[in-house]
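This report concerns only the one structure given below.
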Amino acid sequence: MTIRPGPRNLITDVDGILVGHAEDHRVRSGVTVVYPVARCPAAADVRGGAPGTLNIQAMDATSLRNEVDAVVLSGGSMYGLDAAGGVVAVLGTRGRGIAFGGAVVPVVPAAILFDLMNGGDKGWGEQPPYNALGRAALGAVGPDFPLGNVGAGLGARANALKGGLGSASTVTADGLQIGALVAVNSFGSVVMPGTDRFWAWPLEMEGEFGGLGPPPADWRGQAEMPLPPNYAVNPMANTTIAVVAVNAALAQGELQRLAMMAQDGLARSIRPIHTPFDGDTVFALATGRVPLSNPAMLARLGHLAADTLARAVARGVYAARSLGDRPGWRERFGH
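Note that UniProt numbering gives residue 154 to position 154 of the sequence shown, counting from 1, and the numbers run on in steps of one.
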């Protein structure tokens with residue numbers, strides 16, 4: 001069956017999903033908010049060895065409710081979890097969340113990446129910027145947004161290259177919509193050793209990350225995987241965090257399986273992945289607009305979500321520009 005990118009090639013091609021970014025360029029860090037227009041079920045899969053997350057258990061199948069009001073991706077390591085508090089405060093004033101009598105409690109899970117060593121001014125004292133950045137990112141949500149050095153991807157670094165914020169989408173002829181958004185801050189490399197080719201090159205659609213095609217004919221993969229600069233000094237300064245969304249109606253166990261399958265998109269685009277030094281986390285959202293007709297449809301959705309996430313990884317690094325000690329892909333390879 002024919003598949004293609006959606007009209008924007010962004011996660012917002014899934015009907016009912018909006019995204020907003022906010023950055024502090026002096027700090028070299030930022031926040032991205034994924035906002036479902038209507039509360040929707042969510043799940044999360046964590047595979048890295050050094051994760052930083054908030055409210056993950058609220059999405060567990062054994063919990064009372066598993067709908068969320070937003071998902072926050074942030075730089076700033078543990079400081080970045082404050083961004084979720086800013087989003088919760090704003091949503092609460094809107095009456096968005098779980099109602100308990102006269103009280104409303106928004107449910108906002110979050111994941112953070114480490115960007116504290118990228119050269120930005122982190123001397124914020126007792127007032128880190130992330131609460132305000134979370135509010136600003138929520139205030140900026142919409143269907144269109146840029147990629148690269150924006151939001152949670154502003155200060156990200158991907159091995160020896162500048163990391164960034166990436167997104168991609170897939171739509172099918174029978175009405176399925178699959179989208180992915182990712183902040184790439186990986187220990188592993190997104191390019192094949194000794195080349196300028198992305199590991200995700202076989203999945204590229206419509207020249208979305210350069211259209212360079214396969215690696216040179218004489219490439220056989222003998223080159224040792226390059227390690228990021230100063231990795232021995234800062235061995236935990238990583239993490240790739242992502243959100244995938246589909247327009248299908250999924251039960252909680254099905255949504256958890258989707259998040260697990262989507263993680264393979266990181267394995268298709270970053271090597272090595274899920275290391276002791278990363279906190280790789282993937283959230284999954286289901287807006288429920290298309291019924292799940294049979295179990296094979298879930299397998300199909302998971303496969304497409306993984307491929308879409310792999311494309312988003314490459315798109316994020318492809319769009320990123322040099323910052324600090326990490327060259328952008330285009331500057332590094334002269335494209």
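Ideal placement from N, C-alpha and C gives every residue a C-beta, glycine not left out. Quick caveat, the model's predicted, so the values are computed rather than measured.
Q: Kindly identify the DSSP beta-bridge partner or partners of Lys122.
A: Lys122 pairs with nothing; no bridge assigned.
Q | chain C contact for Ala180 (CB, 7 Å cutoff) | A | Absent from the structure is chain C; it holds one protein chain and no more.
Q: Could you tell me whether the segment 87-107 touches the segment 116-129, where touching means 3 or more Cβ pairs closer than 8 Å?
A: no
Q: Taking Thr287 and Ile17 to be in contact with their CB atoms under 8 Å, please state how far apart those CB atoms are, rounded to whole angstroms.
A: 7 Å
Q: Rank Gln177, Gly265, Ala249, Glu23 by C-alpha distance to the C-alpha of Glu204 and give the top, closest one.
A: Gly265
Q. From what residue to what residue does the alpha helix (DSSP H) around His21 run?
A. From DSSP, His21 is part of no alpha helix (DSSP H) but of the beta strand (DSSP E) over 17-24.
**Q.** Buried versus exposed call for Gln57 [16 or more other C-beta atoms within 10 Å across all chains shown]
**A.** exposed
Q) Comparing alpha-carbon positions, which option in Leu116, Asn238, Pro106, His274 lies nearest Arg28? A) Leu116
Q. Thinking C-alpha only, which one of Asp15, Phe187, Ser269 is nearest Ala38?
A. Asp15
Q. Are the segment 144-156 and the segment 207-215 in contact at 8 Å, needing three or more beta carbon pairs?
A. no
Q. Where does the unbroken alpha helix (DSSP H) through Arg315 begin, and where does it stop?
A. 295-319
Q: Output the boundary residues of the beta strand (DSSP E) element that contains Ala43.
A: 40-46
Q: Rounded to whole angstroms, what's the CA-CA distance from Arg311 to Val184? Just pull it up for me.
A: 12 Å
Q) With C-beta atoms as the reference, is Met59 less than 7 Å away from Ala42? A) yes
Q: List the residues that DSSP assigns as beta-bridge partners of Thr32.
A: His21, Leu73
Q) Between Ala132 and Gly86, which are expected to be in contact by the criterion C-beta below 8 Å, what is the C-beta distance as a whole number of angstroms? A) 6 Å
Q: Mind checking who Val282 pairs with in its DSSP beta bridge?
A: Asp45, Ala242
Q: Determine the DSSP secondary structure at Arg289, reduced to helix, strand or coil.
A: strand
**Q.** DSSP three-state assignment for Val184, whether helix, strand or coil
**A.** strand
(Q) Considering only the alpha carbon of each residue, which of Phe114, Gly92, Val104 lies closest to Met78? (A) Phe114
Q: Mind checking which residues open and close the alpha helix (DSSP H) that includes Leu154?
A: Premise fails: Leu154 is in no alpha helix (DSSP H) and is neither H nor E.
Q. Taking the continuous alpha helix (DSSP H) assigned at Phe100, which residues delimit it?
A. No alpha helix (DSSP H) holds Phe100; the beta strand (DSSP E) holding it covers 98-100.
Q.
Counting C-beta neighbours from all protein chains within 10 Å, is the total for Arg26 16 or more, i.e. buried, or is it exposed?
A. exposed
Q. In angstroms, rounded to a whole number, what distance separates the CA positions of Val141 and Tyr35?
A. 7 Å
Q. Can you name the start and end residues of the alpha helix (DSSP H) that Gly92 belongs to?
A. 82-93
(Q) Please list the terminal residues of the continuous alpha helix (DSSP H) segment that includes Gly134. (A) 130-139
Q. If you drop the 5 nearest sequence neighbours on each side, which residues of the same chain put their C-beta closer than 8 Å to that of His303?
A. Met261
Q. Identify the residues that DSSP records as bridge partners of Ile112: which are they?
A. Ser74
Q) Going straight from the alpha carbon of Gly151 to that of Thr32, what length do you get? A) 5 Å
Q: Go through its chain and collect everything with a Cβ distance to Gly175's Cβ below 7 Å, but skip five positions before and after it.
A: Val290
Q. Just how far apart, CA to CA, sit Pro272 and Val107?
A. 33 Å
Q. Looking at Pro129 and Asp24, is the spacing between their C-beta atoms short of 7 Å?
A. yes
(Q) Taking its Cβ as the centre, do 16 or more other Cβ atoms sit within 10 Å of Ser293, making it buried, or is it exposed? (A) exposed
**Q.** Cut-off 6 Å between Cβ atoms - residues of its own chain near Ile3, not counting five sequence neighbours on either side
**A.** Thr170, Thr172
Q: Taking all protein chains shown into account, decide if Glu208 is buried (16 or more other Cβ within 10 angstroms of its Cβ) or exposed.
A: buried
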